[in-house]
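*Asks:* Residue numbers (the UniProt record's numbering): 1 to 111.
Cβ atoms here follow ideal geometry from the backbone N, Cα and C, with glycine treated the same way.
As the structure is a prediction and not an experimental result, all values here were calculated from the model.
Let me give you the structure first, and then I'll get to my questions.
As structure tokens, then:
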């Protein structure tokens, strides 16, 4: 029933203006719809919404991800725009150049 449906993420933002600035200046995204307390964005065939919230996501899991054809080029461009990829060396999470390795895959090399 749902396997052919698009999905949409809802992401809380404590400072909606600051979040909008980040998505615009760092990711090149502009909202396709604005409502009081919320911004809707389109990427490919999917949408996500930033909504103003006094709370915040736990940050203990991935909130949203993009699938890209060339991860090296994408990461390089994002770094050029000032996006920081954090390094982790924790049980169950190890990053190399800010990219996590999935079980059974090799981590792509990003310059």
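Can you tell me where the alpha helix (DSSP H) holding residue 49 begins and where it ends?
*Replies:* In the chain shown, residue 49 corresponds to position 49, counting from 1. Per DSSP, residue 49 belongs to no alpha helix (DSSP H); it is in the beta strand (DSSP E), 46-52.
*Asks:* When DSSP labels each residue in this structure, what does residue 57 get in the three-state scheme?
*Replies:* Against the chain shown, residue 57 aligns to sequence position 57. Of the three classes helix, strand and coil, the one that applies to residue 57 here is coil, per DSSP.
*Asks:* Check whether the Cβ atoms of residue 16 and residue 52 sit closer than 9 Å, and answer yes or no.
*Replies:* Taking the first residue of the chain shown as position 1, residue 16 is located at position 16. Taking the first residue of the chain shown as position 1, residue 52 is located at position 52. Taking 9 Å as the Cβ cut-off, residue 16 and residue 52 qualify as a contacting pair.
*Asks:* Let me check understanding here. Comparing Cα to Cα, which of 79, 91, 94, 4 lies closest to residue 26?
*Replies:* By one-based count along the chain shown, residue 26 stands at place 26. Checked all of 79, 91, 94, 4; the closest Cα to residue 26 is 79.
*Asks:* My output table needs one value for residue 27: the three-state DSSP class, helix, strand or coil.
*Replies:* Mapped onto the chain shown, residue 27 falls at position 27. Three-state result, residue 27: coil.
*Asks:* If we ignore side chains and look at the alpha-carbon of each, how far apart do residue 23 and residue 91 end up?
*Replies:* Within the chain shown, the letter at position 23 stands for residue 23. Within the chain shown, the letter at position 91 stands for residue 91. When rounded, the distance between both Cα atoms is 30 Å.
*Asks:* Helix or strand or just coil, what does DSSP make of residue 65?
*Replies:* To locate residue 65, count along the chain shown from 1; it is residue 65. In this structure, residue 65 counts as coil in the three-state DSSP scheme.
*Asks:* Can you tell me the Cα-Cα spacing of residue 70 and residue 81, whole angstroms?
*Replies:* Along the chain shown, read from residue 1 onward, the residue named residue 70 stands at position 70. Along the chain shown, read from residue 1 onward, the residue named residue 81 stands at position 81. Those two C-alpha atoms are separated by around 17 Å.
*Asks:* Less than 9 Å between the beta carbons of residue 6 and residue 47, yes or no?
*Replies:* Residue numbering aside, residue 6 sits at position 6 when the chain shown is read from its first letter. Residue numbering aside, residue 47 sits at position 47 when the chain shown is read from its first letter. Yes. Within cutoff.
*Asks:* For the beta strand (DSSP E) containing residue 78, list its first residue and its last residue.
*Replies:* For the purposes of this step, residue 78 is taken as the residue at position 78 of the chain shown. That residue, residue 78, is in no beta strand (DSSP E); its alpha helix (DSSP H) goes 71-80.
*Asks:* Nearest-angstrom Cα distance between residue 3 and residue 45?
*Replies:* Indexing the chain shown from 1 puts residue 3 at position 3. Indexing the chain shown from 1 puts residue 45 at position 45. Their Cα atoms are separated by approximately 14 Å.
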